[in-house]
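Top to bottom, those sequences are chains A and B. So for the first sequence, our numbering puts the first residue at 1; every next one is plus one. So for the second sequence, our numbering puts the first residue at 1; every next one is plus one. Idealized CB from N, CA, C, for every residue including glycine. On a predicted model such as this, the values are computed, not experimentally measured, just so you know. What follows is a single structure, written as structure tokens, with notes after it.
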Amino acid sequence: MNPTEGNLIEVRGLRQTFGGQEILRGVDLDIPRGKTLVLLGQSGGGKSVFLRHLIGLLKPIAGSIRVEGEEIAGLDERELEPVRRKIGMLFQDGALFDSMTVFENISFPLRERGLRDETEIRRKVREALELVALSGQESKMPANLSGGMRKRAALARVIISEPSCILYDEPTAGLDPIVSDTINRLIRRLQSHLHVTSIVVTHDMISTNHIADRVALLRSGRIHFEGTLGELHGSPDPVIRDFIDGRSHEID
Amino acid sequence: MKFPYSFPLTRAFSLYMGQASLLAWEAFTSILAGRIRWRLVLRQIVEIGFGSQAVVIVTGIFTGAVFTAQIFFQFNALNMSTAVGPVVSVALFRELGPVLTGLMVAGRVGAAMSAEIGTMKVTEQIDALRALAVNPIDYLVVPRAVAMMISMPLLVGECIFFALSASYFVATRILNVNSVFFLHHMESYTHGKDMVMALTKGFVFAVIVAIVGCQQGLSTRNGAVGVGRSTTDAVVISSLTILMVNFFLTMALNIVFPAGQARY
Numbered sequence: 001m002n003p004t005e006g007n008l009i010e011v012r013g014l015r016q017t018f019g020g021q022e023i024l025r026g027v028d029l030d031i032p033r034g035k036t037l038v039l040l041g042q043s044g045g046g047k048s049v050f051l052r053h054l055i056g057l058l059k060p061i062a063g064s065i066r067v068e069g070e071e072i073a074g075l076d077e078r079e080l081e082p083v084r085r086k087i088g089m090l091f092q093d094g095a096l097f098d099s100m101t102v103f104e105n106i107s108f109p110l111r112e113r114g115l116r117d118e119t120e121i122r123r124k125v126r127e128a129l130e131l132v133a134l135s136g137q138e139s140k141m142p143a144n145l146s147g148g149m150r151k152r153a154a155l156a157r158v159i160i161s162e163p164s165c166i167l168y169d170e171p172t173a174g175l176d177p178i179v180s181d182t183i184n185r186l187i188r189r190l191q192s193h194l195h196v197t198s199i200v201v202t203h204d205m206i207s208t209n210h211i212a213d214r215v216a217l218l219r220s221g222r223i224h225f226e227g228t229l230g231e232l233h234g235s236p237d238p239v240i241r242d243f244i245d246g247r248s249h250e251i252d
Numbered sequence: 001m002k003f004p005y006s007f008p009l010t011r012a013f014s015l016y017m018g019q020a021s022l023l024a025w026e027a028f029t030s031i032l033a034g035r036i037r038w039r040l041v042l043r044q045i046v047e048i049g050f051g052s053q054a055v056v057i058v059t060g061i062f063t064g065a066v067f068t069a070q071i072f073f074q075f076n077a078l079n080m081s082t083a084v085g086p087v088v089s090v091a092l093f094r095e096l097g098p099v100l101t102g103l104m105v106a107g108r109v110g111a112a113m114s115a116e117i118g119t120m121k122v123t124e125q126i127d128a129l130r131a132l133a134v135n136p137i138d139y140l141v142v143p144r145a146v147a148m149m150i151s152m153p154l155l156v157g158e159c160i161f162f163a164l165s166a167s168y169f170v171a172t173r174i175l176n177v178n179s180v181f182f183l184h185h186m187e188s189y190t191h192g193k194d195m196v197m198a199l200t201k202g203f204v205f206a207v208i209v210a211i212v213g214c215q216q217g218l219s220t221r222n223g224a225v226g227v228g229r230s231t232t233d234a235v236v237i238s239s240l241t242i243l244m245v246n247f248f249l250t251m252a253l254n255i256v257f258p259a260g261q262a263r264y
């Protein structure tokens, strides 16, 4: 199959509740193969919750999630493992293992998948660190890294196992503009060179303008808008305009 | 059936028992399926077994010493001071050794397990493991449970050895009990089945500490406060469970290994 044709993931009628509150009220969304889809929405609006469903970290109360045509909503932890080998996830704070060095963290997926050749492991870790501009930080513990470095090290841990799809949970949140730009360029490069499908959850419009092939806006637990970046900017919808221009309607 | 579940405590207890049983079952099936990471097991043995030795040795020495002194004060009034040895020995093998080791390890290891896994849970490290297609039961629970099952019987044995050594020293050097009679009576009344009972209890307590510690860690919520609560609960629940299970275990094991007569 052509790496840029068709949908990699198809979500239909996805619903989720926490503590009686309905977070997702029937989300329908197609994630095109080999493209970068940015999911916009307000903080606390369920974007990260949606993302977690795509890799089986949360089970929906209703709805369907198909990854390459395979329904994953009802799979148990062990049945989900093949899906998780195809899809990587960058967590908001990196979620590096704090008992391991940067090198051990990044080599972890390789060892877990049975690679035992130390020379090969070192080469791959070095390449991954070069890609995220973190060369020379192998022996540091995560606690001794800055927020941006932690996030980049976590990204190196994701890309080292060469997934066909990467889920990014707020990849530029809390980072300075320079580091944000590094991460944006990296997401772009992975998409253009390796045809990695990316789903980026963010509320950062600068980042969105830089990386998005398609954009979706999650509002009140449903997809309010889905289209290209041009269609988003050309939309007269006041909800979209407020989001793009960063306007609230609260009384000063 | 509404009645028992209408009490919040009953519901919480049922929920807890369900979660702990499920975790124990998943860990058990993983072990049976051979999904044991021996490198992690060895690391845990060093942390759990090797690292708990000082606590267990000090507990053993002073329990043996004080128990010997108390028994001597009572028995000496009846001119039965040479019976101190067998009483101390049988009590240590059948009850004090395994229970005190279990409680000390629950305090040290159960708390550490719960805190470490709980911190991983609230910082999304457990989700990161799952996202990397690594089962947290296989990676975190099984190595700790297997390491505990190997380490605890050895720690119980170590505790009893140091307790008996302290008992011999206190009885014969401080309280002037005849050493030949002390050792002879101790040896006569202590049987292999007492040792089997000690090791069996140690094994069962290992499972309790590991499952309670890991279950509390995996169910941690609400950040640092939640980690603190889980850690406290892990120690309290595993200690109380050890004391309660010990009674039923004693009654059951006494049928298999009845308290014995002297071998003369």
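Under 9 Å, do residue i and residue j count as touching if we go by C-beta distance?
| i | j | result |
| --- | --- | --- |
| Leu-155 of chain B | Leu-243 of chain B | no |
| Val-142 of chain B | Ile-211 of chain B | no |
| Ile-87 of chain A | Leu-54 of chain A | yes |
| Val-102 of chain A | Leu-145 of chain A | yes |
| Val-170 of chain B | Gly-64 of chain B | yes |
| Arg-144 of chain B | Gly-51 of chain B | no |
| Ala-234 of chain B | Val-122 of chain B | no |
| Leu-164 of chain B | Val-99 of chain B | no |
| Ile-72 of chain A | Ile-65 of chain A | yes |
| Gln-125 of chain B | Phe-97 of chain A | yes |
| Gly-246 of chain A | Ser-235 of chain A | no |
| Leu-23 of chain B | Ile-208 of chain B | no |
| Ala-128 of chain A | Arg-85 of chain A | no |
| Ala-147 of chain B | Val-55 of chain B | no |
| Ile-199 of chain A | Ile-166 of chain A | yes |
| Ser-48 of chain A | Asp-213 of chain A | no |
| Gly-217 of chain B | Met-152 of chain B | no |
| Ala-166 of chain B | Thr-232 of chain B | no |
| Pro-86 of chain B | Thr-250 of chain B | no |
| Leu-272 of chain A | Lys-151 of chain A | Because chain A spans 1 through 252 in this model, residue 272 of chain A falls outside it and cannot be assessed. |
For residue i and residue j, I'd like the C-alpha separation in whole angstroms.
| i | j | result |
| --- | --- | --- |
| Cys-159 of chain B | Glu-95 of chain B | 12 Å |
| Met-197 of chain B | Leu-253 of chain B | 7 Å |
| Met-149 of chain B | Val-204 of chain B | 8 Å |
| Val-132 of chain A | Thr-202 of chain A | 20 Å |
| Ala-216 of chain A | Phe-50 of chain A | 12 Å |
| Leu-8 of chain A | Asp-30 of chain A | 8 Å |
| Arg-116 of chain A | Gly-136 of chain A | 22 Å |
| Gly-254 of chain A | Phe-62 of chain B | Outside the displayed span of chain A (1 to 252) sits residue 254 of chain A, for which this structure offers no information. |
| Arg-78 of chain A | Trp-25 of chain B | 15 Å |
| Val-227 of chain B | Gln-92 of chain A | 20 Å |
| Asp-237 of chain A | Leu-40 of chain A | 15 Å |
| Glu-10 of chain A | Val-245 of chain B | 51 Å |
| Met-1 of chain B | Thr-200 of chain B | Here the model assigns Met-1 of chain B a pLDDT of 48, short of 50, so the residue's position is not dependable, and the following value carries that caveat. One C-alpha to the other measures close to 38 Å. |
| Gln-215 of chain B | Arg-11 of chain B | 17 Å |
| Arg-39 of chain B | Glu-47 of chain B | 13 Å |
| Ala-33 of chain B | Ser-114 of chain B | 25 Å |
| Arg-15 of chain A | Ile-45 of chain B | 44 Å |
| Ile-187 of chain A | Ile-211 of chain A | 7 Å |
| Phe-248 of chain B | Glu-116 of chain B | 31 Å |
| Val-109 of chain B | Leu-9 of chain B | 27 Å |
| Phe-162 of chain B | Gln-74 of chain B | 23 Å |
| Met-195 of chain B | Gly-60 of chain B | 16 Å |
| Glu-104 of chain A | Phe-28 of chain B | 28 Å |
Per the DSSP calculation, residue i is bridged to which residue(s)?
| i | result |
| --- | --- |
| Phe-225 of chain A | A:Leu-217 |
| Leu-90 of chain A | A:Tyr-168 |
| Ser-268 of chain A | There is simply no residue 268 of chain A to check, as chain A begins at 1 and stops at 252 in what is shown. |
| Leu-24 of chain A | A:Gln-16 |
| Asn-184 of chain A | Bridge partners of Asn-184 of chain A: none, in fact. |
| Gly-228 of chain B | In DSSP, Gly-228 of chain B forms no bridge with anything. |
| Val-11 of chain A | A:Leu-29 and A:Ile-65 |
| Gly-41 of chain A | A:Leu-218 |
| Glu-71 of chain A | A:Arg-66 |
Looking at chain D, is there any beta carbon in it that lies within less than 9 Å of the beta carbon of residue i?
| i | result |
| --- | --- |
| Leu-80 of chain A | You won't find chain D in this structure, because its protein chains are A and B. |
Indicate, with yes or no, if the ligand SAH has a heavy atom lying under 8 Å from the CB of residue i.
| i | result |
| --- | --- |
| Glu-187 of chain B | The ligand SAH is not among the ligands present in this structure, which contains no ligands whatsoever. |
Exercise. Which residues, in chain order, does the region 129-152 of chain A contribute to contact with chain B at a C-beta distance below 9 Å?
Worked result: none
Exercise. Which residues, in order along the region 47-78 of chain A, keep a beta-carbon less than 7 Å from a beta-carbon of chain B?
Worked result: Ile-55, Leu-57, Glu-77 and Arg-78
Exercise. On the three-pair Cβ rule with 8 Å, is the region 195-209 of chain A touching the region 23-39 of chain A?
Worked result: yes
Problem set entry | Selection of the region 104-132 of chain B by Cβ proximity to chain A, strictly under 7 Å | Thr-123, Glu-124, Gln-125, Asp-127, Ala-128, Arg-130, Ala-131 and Leu-132
Problem set entry | chain B contacts from the region 91-116 of chain A (Cβ-Cβ distance under 9 Å) | Phe-91, Gln-92, Asp-93, Gly-94, Ala-95, Leu-96, Phe-97, Asp-98, Ser-99, Phe-108, Pro-109, Glu-112 and Arg-113
Exercise. Taking any Cβ of chain B, which residues in the region 161-183 of chain A have a Cβ under 7 Å from it, in chain order?
Worked result: none
For this session: With 7 Å as the limit, tell me which residues of the region 214-225 of chain B have their beta carbon closer than that to any beta carbon of chain A; keep them in chain order.
Result: none
Exercise. Can you list, in chain order, the residues of the region 132-148 of chain B whose Cβ is nearer than 9 Å to any Cβ on chain A?
Worked result: Leu-132, Ala-133, Val-134, Asn-135, Pro-136, Ile-137 and Tyr-139
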